[in-house]
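K.L.:
Read left to right, the sequence shown gives residues -7 to 390 (our numbering).
Glycine included, C-beta positions come from ideal geometry on N, C-alpha and C.
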Amino acid sequence: MLLYGGILYAYMGRILVQWELPKGWVSFLILAFSVAGIFALLLIHPIREAAENTWIRTFARWFYRALFPLLGLLAVAIYTRVQQYGITEERYSVLVLAAWLALIATYFLLRQGRGIIWIPASLAVVALLSVVGPWSAFAVAQRSQHRQLLALSQQYQLLQNGKLDNAGKHQTKLPWEVRKRTSSIFDFFADRNALAQLQPQFSASLQLPDSIRQQPRWKQQQWVSDRLFAASQLFRVDRADEHSGTVPQVSTTFRTEEPKVQPLGRGRYWLPTIATLDYRNLSDDTTEHLLLREGTFRLRSTQYRRRLVLEQLRPDGQWQPVLAAEPGAFVDSLARQHPGENKEEENESIRLPATGMTLTASGKGATLRLFVRYINRTDRQDTVKYEYDGNGLLEFVE
């Protein structure tokens, strides 16, 4: 203990001489020294009053006094990290333990080592308070990281109408440190699947689709992380580079945009993605605009996504219905065919062959075949909502 304490004091002296801020890792060294010393005194407390053990009383008295400069160093180290990067569960634990150690050291200096029962009792109370309620480690860390994201967003003008959607497109030259911080914060929330606090900053839905909820946790985290970066269009910094003090080699990659529609010839078009998973307006929502040889069209979901309507833009600027598919009626029919397999509180899917998941709708000179990959019906109180994902084949008849 004496050697360990001497090393820590030597490091503190070096900091004072060079007048530099302490590194974050020194916090764990000081905590290890402090906790080990206190619990060592706790173990030898029963024999401290023996005449031949006066050294124990002397050691205890000076140990508690020696803690205060080290706790001051710890406070500076952790305060610096919190100011730069906000609170995480680890930093929260360091802060709480530092406060507990300061109180215990003060108490035993005043009581001269009496009342040792307060060490485990107070530690138990601190541990309990750290895991429940709005002051728990997770709740405090989540609020802190959210404040960090908002502060960065305001400082570098990432918000448009209070939203982070497409922030990377209108702020393309963010400093490297800002990119690291936003990536770190996104990873923080993705790792904990805690997106409720971030949702107000995004127009796009951050809620996990039911199809993803059934996947392993790491796949859910990956989906959430990808969703955050896709919605914000911010530059993603690899986790290894987040903890690096240097800017890594910059590489540039070019990819083709995923087409909304692929012409197949003779009035036939392939629609790679027809999905309502990412849209929040349940009652009336345009999912895609299609610029085709036959004119300008849009796909629009209505009636809580029960209907999918294809409309054409007329010369007078009005939208004219062409055809309407009924995904809602389709999944209602499937639910009636499989009454014993409806899941109320579970996230299990009913597997069906691809041939049973095709929906066809025809209208004024056009036919739409919807090949469904995923479809969901949620009945809650008096409201039925639908979600679906798939691709389609649109054909025009001349």
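I need the DSSP call for Glu336, collapsed to helix, strand or coil.
P.N.:
Its pLDDT being 49, under 50, Glu336 is placed unreliably by the model, and nothing is read from it.
K.L.:
Any idea what DSSP makes of Ile342, helix, strand or coil?
P.N.:
coil
K.L.:
Just curious, the beta strand (DSSP E) that Thr294 is in, first and last residue?
P.N.:
Gly287 to Thr294
K.L.:
Secondary structure at Ile22, three-state DSSP: helix, strand or coil?
P.N.:
helix
K.L.:
Enumerate, from N- to C-terminal direction, the unbroken alpha helix (DSSP H) stretches of 4 or more residues contained entirely within the region 81 to 152.
P.N.:
81 to 103, 110 to 121 and 129 to 147
K.L.:
Three-state secondary structure (DSSP) at Pro307?
P.N.:
coil
K.L.:
For the region 144 to 160 and the region 105 to 124, state whether three or more C-beta atom pairs, one from each stretch, are separated by less than 8 angstroms.
P.N.:
Fewer than three pairs of CB atoms, one per stretch, sit closer than 8 angstroms, so the region 144 to 160 makes no contact with the region 105 to 124.
K.L.:
Closer than 8 angstroms by C-beta to Arg298: which residues in its own chain qualify, once you throw out the five before and the five after it? Chain order, please.
P.N.:
Glu318, Pro319, Gly320, Ala321, Val376 and Tyr378
K.L.:
Which value, in whole angstroms, describes the spacing of the CA atoms of Gly(-2) and Leu187?
P.N.:
46 angstroms
K.L.:
Spell out the partners DSSP gives Pro313 in its beta bridges.
P.N.:
Glu303
K.L.:
Can you tell me whether DSSP reads His162 as helix, strand or coil?
P.N.:
The three-state secondary structure of His162, taken from DSSP, is helix.
K.L.:
Just how far apart, CA to CA, sit Lys356 and Thr279?
P.N.:
21 angstroms
K.L.:
Pull the bridge partners of Thr352 from the DSSP assignment, please.
P.N.:
Answer is Arg361, bridged to Thr352.
K.L.:
Looking at C-alpha atoms only, which residue of Ser175, Trp210, Ala222 and Ser176 is the closest neighbour of Ser197?
P.N.:
Ala222
K.L.:
Return the CA-CA distance between Gln163 and Ser217, expressed in angstroms with no decimal places.
P.N.:
20 angstroms
K.L.:
Thinking Leu65 and Val9 are a contact (beta carbons under 8 angstroms), I'd like their distance in whole angstroms, please.
P.N.:
Contact doesn't hold; Cβ gap of about 14 angstroms is too wide.
K.L.:
If distances are taken between C-alpha atoms only, which option among Ile342, Leu62 and Trp311 comes closest to Tyr3?
P.N.:
Leu62
K.L.:
Which value, in whole angstroms, describes the spacing of the CA atoms of Leu263 and Gln193?
P.N.:
30 angstroms
K.L.:
Just the C-alpha distance for Glu169 and Tyr366, rounded to the nearest angstrom, thanks.
P.N.:
Taking the straight line joining both Cα atoms gives about 40 angstroms.
K.L.:
So, is Tyr71 buried or exposed, given that buried needs 16 or more other C-beta atoms within 10 angstroms?
P.N.:
exposed
K.L.:
State the DSSP-derived secondary structure class of Pro208, mapped to helix, strand or coil.
P.N.:
coil
K.L.:
Which of helix, strand or coil does DSSP assign to Leu34?
P.N.:
helix
K.L.:
Using 8 angstroms for Cβ pairs, my map puts Tyr380 next to Thr268. What's the rounded Cβ distance?
P.N.:
That pair is a contact at about 6 angstroms.
K.L.:
Could you give the DSSP three-state label for Gln76: helix, strand or coil?
P.N.:
helix
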